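Inspection log for the structure reproduced underneath, given as structure tokens.
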Amino acid sequence: MNLRKYLVLLGVVIFGASGDALLSRGMRQVGEIQLHHWQKLIFAVVHPWVALGVLLLMAFFASYMTALSWADLTYVLPATSIGYVLLAFIAKFLLHENVSATRWVGIGLIAAGVGFVAQGPALTHHPHHEEAPPQVLSRGKA
Amino acid sequence: MRDLYAWLSIAAIVIASTTGDVLLSHAMKQIGDLGELRRRRGLLHVIARVVTTPNFLFGLLAMTFAFYSLLMALSWQDVSLVAPASASLTFIANAVAARIFLHERVDHRRWIAALLVAGGVALVAI
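Residue numbers (our numbering), protein chains in the order written: chain Y, 1 to 142; chain U, 1 to 126.
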């Protein structure tokens, strides 16, 4: 893991959380969409907040794919779940939503989980004889 | 009946998005470090390479299916049940699937992380 890779993970977190927040803000202005008015969904994406949200979510997807190109899925998913924490702060301070005590406990658990996984290696190495017991190795091609 | 349909679509979300994540992760490992590839061959090459990798396309298909299952689940149940249930179950399912299909070393540390995050997501979304 180097600085560039941590920046990509940070990108996954920030683009994901801010994209979701913008979508939420935009869709609240667009209003509820009933199933028989599905056409409204098409026009929703040209709403400025929603469009900006979609743009950020595309940046999220690009960073997510980049992270998966050099790190395990079981590393990337917990490591970037710190985004839920960021989203809660955005919800409280920018969208002025009420963040309950249960939510703060949940946020604490997520932060603890992120701390756990971040200490470990990012990628499982697969050398061919890694798991093989010694006697199998001695019978090997080498 | 409404609850049964909701839980069936939650199961569909979990299975589809886990399948999608595993396929996307596998596709990206096949391609290798995107940052290095971009430096050597340029951004257009990276994009072309990604969108022509079959597992990436199958992964995207699975994610689309997951999205429609989510819409379906939301039409039967409240978002406050559907979102936390599907997100936290997906965390656990991903840890199991990554171990079986991607042969990732899911050690104690990663298990605990997955469980903490799954529990945390469930509480946050309530």
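Ideal Cβ placement from N, Cα and C applies to all residues, glycine included.
Nothing here was measured: the structure is a model prediction, and the numbers come from that model.
Which residues in the same chain as residue i place their Cβ atom closer than 7 Å to its Cβ, once the five residues preceding and following it in sequence are excluded?
i: S63(Y); result: V8, G11, V12, F15
i: Y5(U); result: W76
i: S81(Y); result: I110, G113, V114
i: T19(U); result: A62
i: V54(Y); result: V45
i: V106(U); result: A95, A98, R99
i: L68(Y); result: V76
Counting only the same chain and skipping the five closest in sequence on each side, list residues whose C-beta sits under 6 Å from that of residue i.
i: W49(Y); result: L22, R25, G26
i: G140(Y); result: Residue placement at G140(Y) is flagged as unreliable, the pLDDT there being 42, under the threshold of 50; the coordinate-derived value follows with that caveat. Within the same chain, G140(Y) has no close Cβ partners at all.
i: A118(U); result: S88, F91, I92
What residues from chain Y crowd round residue i, counting only those whose CB sits closer than 9 Å?
i: H103(U); result: T124, H126
i: G35(U); result: R4, K5, V8, T66, S69, W70
Determine the chain U residues that contact residue i at a beta-carbon separation under 7 Å, and present them in chain order.
i: V105(Y); result: L123
i: G53(Y); result: Going along chain U, no residue has its Cβ under 7 Å from G53(Y), so there is no contact; the nearest lies around 15 Å.
i: F116(Y); result: R109, I112, A113, L116
Whose Cβ in chain Y lies nearer than 7 Å to the Cβ of residue i?
i: A25(U); result: A small fix is needed here, since residue 25(U) is Ser in this sequence, not Ala. By Cβ distance, chain Y contributes L68, L73.
i: F91(U); result: L77
i: M28(U); result: M65, L68, S69
i: V50(U); result: M65
Using a threshold of 8 Å, is the CB atom of residue i nearer than that to any non-hydrogen atom of the ligand SAM?
i: G35(U); result: The model depicted lacks the ligand SAM and carries no ligand whatsoever.
Quick check on the burial criterion: 16 or more other C-beta atoms within 10 angstroms. Buried or exposed for residue i?
i: F91(U); result: buried
i: K29(U); result: buried
i: L71(U); result: exposed
i: V121(U); result: buried
i: E146(U); result: Since the displayed chain U opens at 1 and closes at 126, residue 146(U) lies outside it and no answer follows.
i: R110(U); result: buried
i: T52(U); result: exposed
If I measure Cβ to Cβ from residue i and keep anything under 8 Å in the same chain, skipping five residues before and after, which residues do I get?
i: F116(Y); result: P78
i: L81(U); result: A6
i: P133(Y); result: Unreliable placement is indicated for P133(Y), whose pLDDT of 44 sits below 50; the coordinate value is still reported in the next sentence. Result list for P133(Y): empty, nothing under 8 Å.
i: L57(Y); result: F15, G16, G19, D20, L23
i: L74(U); result: V82
At a CB-CB cut-off below 8 Å, which residues of chain Y make contact with residue i?
i: V22(U); result: L73
i: V31(U); result: Here the sequence assigns Ile to residue 31(U), which means Val is not the residue at that position. Under the 8 Å cutoff, chain Y gives S69.
Report the neighbours of residue i on chain U: residues whose CB is nearer than 8 Å to its CB, in chain order.
i: I110(Y); result: L116, V117, G120, V121, V124
i: G83(Y); result: Result: empty, since nearest Cβ-Cβ is about 11 Å, beyond 8 Å.
Identify the contact partners of residue i in chain U, using a Cβ-Cβ distance below 9 Å as the criterion.
i: Y6(Y); result: Result: empty, since nearest Cβ-Cβ is about 12 Å, beyond 9 Å.
i: Q119(Y); result: R109
Quick check: is the beta carbon of residue i nearer than 9 Å to any beta carbon in chain A?
i: G26(Y); result: Among the protein chains of the structure shown, namely Y and U, there is no chain A.
Entirely within the stretch 2 to 69 of chain Y and at least 4 residues each: give me those alpha helix (DSSP H) ranges in chain order.
DSSP runs (the alpha helix (DSSP H)) wholly in the stretch 2 to 69 of chain Y: 3 to 30, 39 to 44.
Q. Counting Cβ pairs, one atom from each stretch, are 3 or more of them under 8 Å apart for the stretch 60 to 78 of chain Y and the stretch 87 to 107 of chain Y?
A. Cβ pair count under 8 Å is below three, so no.
Below 8 Å, how does it come out for the stretch 41 to 57 of chain U and the stretch 111 to 127 of chain Y: are there three or more Cβ pairs, yes or no? Cβ pair count under 8 Å is below three, so no.
Worksheet item: Are the stretch 95 to 108 of chain U and the stretch 65 to 78 of chain Y in contact at 8 Å, needing three or more beta carbon pairs?
Response: The answer is yes - the stretch 65 to 78 of chain Y touches the stretch 95 to 108 of chain U, with three or more Cβ pairs under 8 Å.
**Q.** Sequence ranges, beta strand (DSSP E) only - wholly within the stretch 62 to 102 of chain U, length at least 3
**A.** You should have found no qualifying run.
Touch check for the stretch 15 to 24 of chain U and the stretch 59 to 68 of chain U: three-plus C-beta pairs under 8 Å? They touch, by the three-pair rule.
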